[in-house]
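Trainee: Everything in the sequence shown is counted per numbering that gives the first Met the number 0, starting at 0 for the first residue and increasing by one. Don't be surprised by glycine CBs; every beta carbon is placed ideally from N, CA and C. Please read all numbers here as calculations on a predicted model, not as lab measurements.
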Amino acid sequence: MKAGLLRGTLDMFGEDFIPSKIEHREEEAGTVASTLSITLQGGRPSHMFIYGPSGTGKTVLVKWSLNTITEILREKGVKMEWIYVNCLRSYTPFKVMQEITKEIGVEAKFRTKTEGTSGMTTEFIRALKSTKPGTYLIVVLDEVQRLFEEDPKEADVLLYNLHEANVGLDGKAHVTVISVSKDNRLKEKFSESVRSRYGHYGLVLNPYSAQQLFHILNDRANQVLHPGSFKDEVIAKCAKAAADLNGDARSAMATLRQAVEIAIREGAESLSIDHVSKAQDQNELDNLRHQIQHAPFWQKLVLWTIAYHHYFNERSGSTSAPVYTKNIYETVEKLARTMNRNPSLSDRSYREYLTQLEAASLIRLWPDNQGGRKGRKTLVELAGDKALTIMLAAEKETGFIGELGETREKLALNPSQRLL
Ligand SMILES: Nc1ncnc2c1ncn2[C@@H]1O[C@H](COP(=O)(O)OP(=O)(O)OP(=O)(O)O)[C@@H](O)[C@H]1O
Ligand SMILES: [Mg+2]
Numbered sequence: 000m001k002a003g004l005l006r007g008t009l010d011m012f013g014e015d016f017i018p019s020k021i022e023h024r025e026e027e028a029g030t031v032a033s034t035l036s037i038t039l040q041g042g043r044p045s046h047m048f049i050y051g052p053s054g055t056g057k058t059v060l061v062k063w064s065l066n067t068i069t070e071i072l073r074e075k076g077v078k079m080e081w082i083y084v085n086c087l088r089s090y091t092p093f094k095v096m097q098e099i100t101k102e103i104g105v106e107a108k109f110r111t112k113t114e115g116t117s118g119m120t121t122e123f124i125r126a127l128k129s130t131k132p133g134t135y136l137i138v139v140l141d142e143v144q145r146l147f148e149e150d151p152k153e154a155d156v157l158l159y160n161l162h163e164a165n166v167g168l169d170g171k172a173h174v175t176v177i178s179v180s181k182d183n184r185l186k187e188k189f190s191e192s193v194r195s196r197y198g199h200y201g202l203v204l205n206p207y208s209a210q211q212l213f214h215i216l217n218d219r220a221n222q223v224l225h226p227g228s229f230k231d232e233v234i235a236k237c238a239k240a241a242a243d244l245n246g247d248a249r250s251a252m253a254t255l256r257q258a259v260e261i262a263i264r265e266g267a268e269s270l271s272i273d274h275v276s277k278a279q280d281q282n283e284l285d286n287l288r289h290q291i292q293h294a295p296f297w298q299k300l301v302l303w304t305i306a307y308h309h310y311f312n313e314r315s316g317s318t319s320a321p322v323y324t325k326n327i328y329e330t331v332e333k334l335a336r337t338m339n340r341n342p343s344l345s346d347r348s349y350r351e352y353l354t355q356l357e358a359a360s361l362i363r364l365w366p367d368n369q370g371g372r373k374g375r376k377t378l379v380e381l382a383g384d385k386a387l388t389i390m391l392a393a394e395k396e397t398g399f400i401g402e403l404g405e406t407r408e409k410l411a412l413n414p415s416q417r418l419l
């Protein structure tokens, strides 16, 4: 009988899963632990900030640390609880307070916004005193920048009130806030009074290297997959691709998950390099589709034509040669005419589209210095080797699917009818 690939579930690759250990963030976890350990001496832990770009492990660091440390401290007699609020979902102080109070069991008290954040805080203090005396409450505000985008004044008042709750609590319970954000300049948006109350106590997480990502993915794969069902090189491929891009553990984890899904669909007993390649292609195609989907019609047509030129050259055996932008323009016009598209593409818009496509790393442009000053021309070439992918995406994402698709097929079979 086949053992299958999974020993755990695919959800364990997801964001809500808290891993048994946290790789390459031990030092930061140690800092969180020592900050919270002040409670052993009866002190209130300082508020903390955690900054870093996407996928640097901010959320998992906070959740893992609080899970682990709270447990240890509880064993030593400290009453500690933590509440996690994702401000992307709860993006106003009202929603944040609703969530916090729900967690401590006084949900019904706030039905309207009219009471204001201050009124809600008074209620929160009263409830905390009576229901959780002696508790150190840690409030995590993940993606806290979202509150400031929504209403910076109100967000500032919320932070102020959460700090000042400690005055109202008068030592009967304690509140510490851990703010998590991608925006490392967030504090500039705080009022003086909030800035001074929240201090400068922050951790900054940097993007992961390929080696660090390897350890993180390998550890997760060991928890989700059967031993022996994957090799180091498979994990290394996912890690390297993400490290080359931006060091984002989330995208690395997503590729690994996608590769496992492909392997399962294929009924494979082990995860191979090929599964990862397929997952990466799929990702690339998804990203391209997304990019192309949001481009204007003419830009799609320009990109399609450049990709077509590349594809045609490949199919007819010659290596891809750059082409003059002028020729691409003429072809675009020709195609548009056959599609009854009016008005035609202006020269200026055409140049703008080319610049945008270059900025998106889809094409490369450079001046042709051969012809002297007179009639200086620009050459264009597809960046990378994804001509067919781009064409298919453009065809799929536009109203001209059939027409261009047929053109491509016909011309590819009959090289004498080349477009350019
Ligand atoms: N050091 C680590 N050890 C184990 N897993 C990790 C580590 N860092 C990141 N991960 C995993 O990578 C994924 C992304 O991490 P996380 O969600 O913590 O990133 P983030 O910094 O909060 O990103 P964002 O700013 O986009 O929310 C999660 O699935 C997480 O479990
Ligand atoms: Mg996060």
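1) With DSSP as the reference, label I234 as helix, strand or coil.
2) Closer than 8 Å is the cut-off here; do at least three beta carbon pairs connect the region 167 to 177 with the region 202 to 221?
3) Look up E380 in the DSSP assignment and give the residues it is bridged to.
4) Is K57 near ligand 2, with its Cβ less than 7 Å from a heavy atom?
5) Quick one: any contact between the region 223 to 239 and the region 178 to 193, if contact means 3 or more CB pairs under 8 Å?
6) Do you know how far the Cα of D141 is from the Cα of K385?
7) Indicate whether the contact test is met: 3 or more Cβ pairs, each with one atom in the region 327 to 344 and one in the region 248 to 268, closer than 8 Å.
8) Heavy atom of ligand 1 less than 7 Å from the Cβ of A248, yes or no?
9) From the DSSP output, in three-state form, read off F421 for me.
10) Here's the rule: buried if 16 or more other CB atoms are within 10 angstroms of the residue's CB, otherwise exposed. What is M0?
11) Using C-beta distances below 8 Å, list every residue in its chain close to V259, excluding the 5 sequence neighbours before and after it, in chain order.
12) Is it true that the CB of E153 sits closer than 8 Å to the CB of T120?
13) Can you determine whether any heavy atom of ligand 2 sits closer than 7 Å to the C-beta of D141, and answer yes or no?
14) Helix, strand or coil for A201, going by three-state DSSP, please let me know.
15) Could you tell me if I330 is buried or exposed, where buried requires 16 or more neighbouring beta carbons within 10 angstroms of its beta carbon?
16) Consult DSSP for P18 and reduce its assignment to one of helix, strand or coil.
17) Pairs of beta-carbons, one from the region 38 to 50 and one from the region 157 to 176, closer than 8 Å: are there three or more?
18) What residue does the beta strand (DSSP E) around I137 start on, and which one ends it?
19) Which parts of the region 161 to 215 are runs of the alpha helix (DSSP H), unbroken and 4 residues or longer, counting only runs that do not cross its ends?
20) Just how far apart, CA to CA, sit G423 and G170?
21) Quick one: does the C-beta of R24 sit closer than 7 Å to a heavy atom of ligand 1?
22) For K299, tell me which candidate among Y83, Y349, P92 and A393 has the shortest Cα-Cα distance.
23) Using 7 Å as the cut-off, classify the Cβ of M11 as near or not near the heavy atoms of ligand 1, replying yes or no.
24) At what residues does the alpha helix (DSSP H) containing M79 begin and finish?
25) Among L334, V77 and E283, which has the Cα closest to the Cα of W297?
26) Using the beta-carbon count (16 or more within 10 Å), is L39 buried or exposed?
27) Quick check: the Cα distance between Y83 and P92, rounded to an integer number of angstroms?
28) Please determine, among M47, F48 and I37, the residue with the shortest C-alpha to C-alpha distance to V77.
29) Is the beta carbon of R145 sitting closer than 8 Å to the one on Y90?
30) For I400, is the classification buried or exposed, using 16 other Cβ atoms within 10 angstroms of its Cβ as the cut-off for buried?
Mentor: So, from the data block:
1) helix
2) no
3) R363
4) yes
5) no
6) 38 Å
7) no
8) yes
9) The chain is shown from 0 up to 419; residue 421 falls before or after that span and cannot be answered.
10) Confidence in M0 is poor, its pLDDT being 39 and thus under 50, which makes the residue's placement unreliable; the coordinate value appears in the next sentence. Under this definition M0 is an exposed residue.
11) L4, L5, L9, F12, V223, L224, L270 and H274
12) no
13) yes
14) A small correction: the amino acid at residue 201 is Gly; Ala does not occupy that position in the sequence shown. Correct three-state label for G201: strand.
15) A quick correction: the sequence has Thr, not Ile, at residue 330. When all chains shown are included, T330 counts as buried.
16) coil
17) yes
18) Y135 to D141
19) 191 to 197
20) No statement about residue 423 is possible, as the shown extent of the chain runs from 0 to 419 and does not include it.
21) yes
22) A393
23) no
24) From DSSP, M79 is part of no alpha helix (DSSP H) but of the beta strand (DSSP E) over M79 to N85.
25) L334
26) exposed
27) 14 Å
28) I37
29) yes
30) Per-residue confidence for I400 stands at a pLDDT of 48, beneath the threshold of 50, marking its modelled position as unreliable; the derived number appears in the next sentence. It counts as exposed.
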